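Chains as they are written, first to last, in our numbering: chain A, 1 to 357; chain B, 1001 to 1357. Just so you know, even glycine gets a beta-carbon here, dropped at the ideal spot from N, CA and C. Owing to the predicted nature of the structure, the values given are computational and were not obtained by experimental measurement. Written out below as C-alpha cells is the structure these notes cover.
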C-alpha cells in the first residue's frame, strides 16, 4: 500500500480535480502490475495496473489507495474491471467519499465474491486527497495560505519592498504548491501592487497543460485590463460584489462573477463554495495581510505554509495577517505543525489549523 | 575528545566565569581517568582526571578541551601537574585565549618533552566556550536575545497580555538558558510592566548557589524599590545615566551604576564592556521590543533564541524588535540557523547573527 500511495502521488500535478489514486497488483508475492491515475478522462489506476498484469491479474490481490469506483463516468467502473480480471482480493486504504448513485465499489466487489478489506494506511491516503475529500464532503476546497516571511514575521518592508525575503529555492517550491492547487487566490491589492502572474512556469513541473484557476478578490472590480495574469494561459476568476460593468473583460481570459457581500467585502466563503462546485480541490492563497487576515478571522484557512527566511526585518514592516478582531490571547488561532524542513537557506513550516477551537 | 567535551558541558551551570573544560586520560586504549571543571576556585579538569588515574597517568595521553593553564591562579598550573604525573602526550582542542604573563601551557609541556597536538574538535570546543572566548578576546560577553513568540512573530497582544504564548516546557528551558548565563538583562519597561524575577528557580538545575546578575537598563532610574528581583538572592545591576540619587537602593541587593549615554539612553555597549570586566561570559537579554530592537540595530546581539508557539496572534500585537532605523530590505539582519528543535509543543530556533554584514 505504501508503494500504491507513492504511485498515487505521481498524479499530484495532473490528476485534479480527480483524486490521486495508486494501485499495485500482487500475485504470489510478486508485483505483477501497478498504475496511478494521471489525468481526468484517462484510465484509472486500477485499469493501468490490470493492463500491466494481463493474465497474471487472475487470483491476484489489488492494493488500491481509494475504493474502486462503481459508476460509469468518463471511464467504465473499475470495480467491474477488477472482477472481470479475476482478482481474488482487494485491499483499500480509504472509502470513496464521492458516491453518486448509492452503489459502492466495495459492495459490488463483495457481491462478486471478492474478499475486501478497508483501512490499511487510511490516514495517509486521506491526507493525500484531503482537498478532494473536503470538496466532496464539505463542498469546500482545502485552503492553504502561503507566506514568505522573515523570522520575526514580516512579509515586506512598510514601503512594500519584499523582493526577495526568501531565496530562489523557496520560490521554486512555491511553483510546486501552485501546480498541485486547482486555484490560486489573491486580493486586488496584491494585483495592483505587484502584478503577479500566479501561474506555474517552472520547466521541471509537468502539469499536462493544467494551470490553476487564478482567483482575484476584487469587491469593486478595480482589476486592470493590463494585469499580467490576464494575458497568460489559463483562466482568471474575478470575484466582485454588486453589478459591475464587466464587458471589458470579455476579450481576456477572465470571468467576472458577482458574489454576495460580507461586511462590505466579497464573501470569501461563498467564493470557496463556488470553487468547490467548479471542481477545485485545493486553493492556494497568496495574498497580502488584508485578505489573508480576513480568511483567518473567518476560520476559512485549513493550512499555513510559511517560508521563513533566516533574517530579521524589524518593526518598519508589514505583517502576515491583518486581524482587527483578534485582541486577546484567547482569540489566537492554534496550529499543529505537520512538517518543518529546510528549503535552500529558508525553513518551510507547514501547519494545520486546529479546528476544535 | 568528544567525551572530554561532554564532560566539560557538565560545568555549564557552575563553572562560569571560568571556561568549561573536560579532560580524559587514556592509557593503552583504556580510559584511566576523567574530570571536568565544576566551579571557580575548585580543581581544574586535568587535576580531577589525574587524581582519578593515580599511577596509571604515567605514560598516558591526555585529551583536554582547552590548553592547560600555565599560571598560578586559585589553583596551581595544570601544565606542571601533567608533567609531574608523567603524562606522555597531550592533545588539546583549542588554545587558551586567556594568557596573562606570556607563558603558554602548551610551551611548558613541549619544553618538558611531552608530545603536544592542538586542534582536535576545535570548533566544537570554541563554540562551547564562546562566551568566555568573547570576553577574553573582545572584552564583550556573548549576547543572546531570547524571545517567546507566535509563529507570526508576536511577543504579546497590544494590551501587553503575553501569559502564556509558549508552553511550560519552553519556560522551563528558559531557566536553563538563564542558569548558563552570567547575567540576564532587561529594560525598565519590562520591569514596570511585568515585574519579572529573572532568576533561576527550577529545582532540577544545580547552579551551586550561582544566580545570574540581573541587569536593568533604566536611564532615568525609575526602578521601583518594591521590584520583586530586589528581594531575591543574587545581585541586581541598575544601569542609568547622569547622576541620580541612588541612596534608596543601598538597602537592597542592587547596585546603581551610571553609564555614558548613547542617543539619550544608556549606552548598552558600555554596559556590556562593564559586564565583561566583571567576569560575565554570557548575557541573556529578556527584554521588550525597545531594548531588544536597540541592541539589534546597534549590532550588539550575537544570537537569537526564539521559542515559537504554534499559533497565530495577528496584527493587534507587539513585535519582537522595535527598529525605527531599519527601513529597507538592505537593512535586514541575516542569521545562520544553528539549531531547531521541539520543546513541548513549541519550536526552539537558535540562530547566530552573521557578522560579515
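{"Query": "Residue 348 of chain A beta carbon less than 8 Å from that of residue 307 of chain A", "Result": "yes"}
{"Query": "Interface flag, residue 146 of chain A vs chain B, CB-CB below 8 Å", "Result": "no"}
{"Query": "is_contact[residue 1380 of chain B, chain A] using C-beta, thresh 8 Å", "Result": "The first residue shown for chain B is 1001 and the last is 1357, placing residue 1380 of chain B beyond what the model contains."}
{"Query": "Length of the line joining the Cα atoms of residue 151 of chain A and residue 1277 of chain B", "Result": "33 Å"}
{"Query": "Residue nearest to residue 1361 of chain B in terms of C-alpha spacing, selected from B:1182, B:1162 and B:1071", "Result": "Because chain B here runs from 1001 to 1357, residue 1361 of chain B falls outside it and cannot be looked at."}
{"Query": "Cβ shell of residue 1354 of chain B (< 7 Å), same chain only, five flanking positions each side left out", "Result": "1334, 1335 and 1336"}
{"Query": "Nearest candidate by alpha-carbon position, reference residue 1063 of chain B, set B:1043, B:1054, B:1168 and B:1088", "Result": "B:1088"}
{"Query": "Simplified DSSP state of residue 1259 of chain B, which is helix, strand or coil", "Result": "strand"}
{"Query": "Segment contact flag, the stretch 1088-1099 of chain B with the stretch 1122-1141 of chain B, C-beta cutoff 8 Å, min 3 pairs", "Result": "yes"}
{"Query": "Cβ neighbour criterion (16 or more within 10 Å) applied to residue 1153 of chain B", "Result": "buried"}
{"Query": "Residue 1142 of chain B burial status per 10 Å Cβ neighbour count (16 or more: buried)", "Result": "buried"}
{"Query": "Secondary structure of residue 1357 of chain B, DSSP reduced to three states", "Result": "Because the pLDDT at residue 1357 of chain B is just 46, under 50, the model does not fix this residue reliably, and the value given afterwards should be weighed accordingly. Coil at residue 1357 of chain B, not helix or strand."}
{"Query": "For residue 1293 of chain B, the first and last residue of its enclosing beta strand (DSSP E)", "Result": "Not the beta strand (DSSP E): residue 1293 of chain B falls in the alpha helix (DSSP H), residues 1289-1297."}
{"Query": "Selection of the stretch 1312-1331 of chain B by Cβ proximity to chain A, strictly under 8 Å", "Result": "1312, 1313, 1314, 1315, 1316, 1319, 1320, 1321, 1322, 1323, 1324, 1326, 1327, 1328, 1329 and 1331"}
{"Query": "Residue environment, residue 1034 of chain B, which counts as buried when at least 16 other CB atoms sit within 10 Å", "Result": "buried"}
{"Query": "Span of the alpha helix (DSSP H) around residue 1249 of chain B", "Result": "Neither: residue 1249 of chain B is in no alpha helix (DSSP H) and is coded neither H nor E."}
{"Query": "Where residue 163 of chain A falls, given that 16 or more other Cβ within 10 Å makes a residue buried", "Result": "exposed"}
{"Query": "Option nearest residue 1172 of chain B by Cα separation, candidates B:1186, B:1199, B:1159 and B:1187", "Result": "B:1199"}
{"Query": "Whole runs of the alpha helix (DSSP H) within the stretch 1123-1169 of chain B, excluding any shorter than 4 residues", "Result": "1130-1138"}
{"Query": "Beta-bridge partners of residue 1036 of chain B, as assigned by DSSP", "Result": "B:1022"}
{"Query": "Cβ neighbours of residue 1192 of chain B in the same chain (closer than 8 Å, five flanking residues each side left out)", "Result": "1222 and 1224"}
{"Query": "Three-state class that DSSP yields for residue 1303 of chain B in the structure shown", "Result": "strand"}
{"Query": "Beta-carbon gap between residue 322 of chain A and residue 298 of chain A smaller than 8 Å", "Result": "no"}
{"Query": "Distance CB(residue 21 of chain A)-CB(residue 50 of chain A) smaller than 8 Å", "Result": "no"}
{"Query": "Contact with chain A by residue 1340 of chain B, beta-carbon distance below 8 Å", "Result": "yes"}
{"Query": "Proximal chain A residues relative to residue 1161 of chain B, where beta-carbon distance stays under 8 Å", "Result": "328 and 329"}
{"Query": "Element boundaries [alpha helix (DSSP H), containing residue 271 of chain A]", "Result": "268-277"}
{"Query": "Separation of residue 257 of chain A from residue 14 of chain A, as counted between CA atoms", "Result": "26 Å"}
{"Query": "Within-8 Å CB hit, residue 944 of chain B to chain A", "Result": "Residue numbering for chain B in the displayed model covers 1001 to 1357; residue 944 of chain B lies beyond these limits and cannot be assessed."}
{"Query": "Which residues DSSP lists as bridging residue 63 of chain A, in chain order", "Result": "A:24 and A:91"}
{"Query": "For residue 1003 of chain B, the first and last residue of its enclosing beta strand (DSSP E)", "Result": "Run containing residue 1003 of chain B: none in the beta strand (DSSP E); it sits in the alpha helix (DSSP H), 1002-1009."}
{"Query": "Contacts around residue 157 of chain A, its chain only, beta-carbon distance under 8 Å, and the 5 residues preceding and following it disregarded", "Result": "313, 316, 317 and 318"}
{"Query": "Listed by chain order, chain B residues near residue 333 of chain A by CB distance under 7 Å", "Result": "1311 and 1312"}
{"Query": "Members of the stretch 1127-1156 of chain B that neighbour chain E once the beta carbon cut-off is set at 8 Å", "Result": "The question asks about chain E, but that chain is absent: this structure's protein chains are A and B."}
{"Query": "Strand pairing of residue 1309 of chain B, partner residues [DSSP]", "Result": "B:1150"}
{"Query": "In chain order, each alpha helix (DSSP H) run of at least 4 residues that lies wholly inside the stretch 1179-1225 of chain B", "Result": "1188-1194"}
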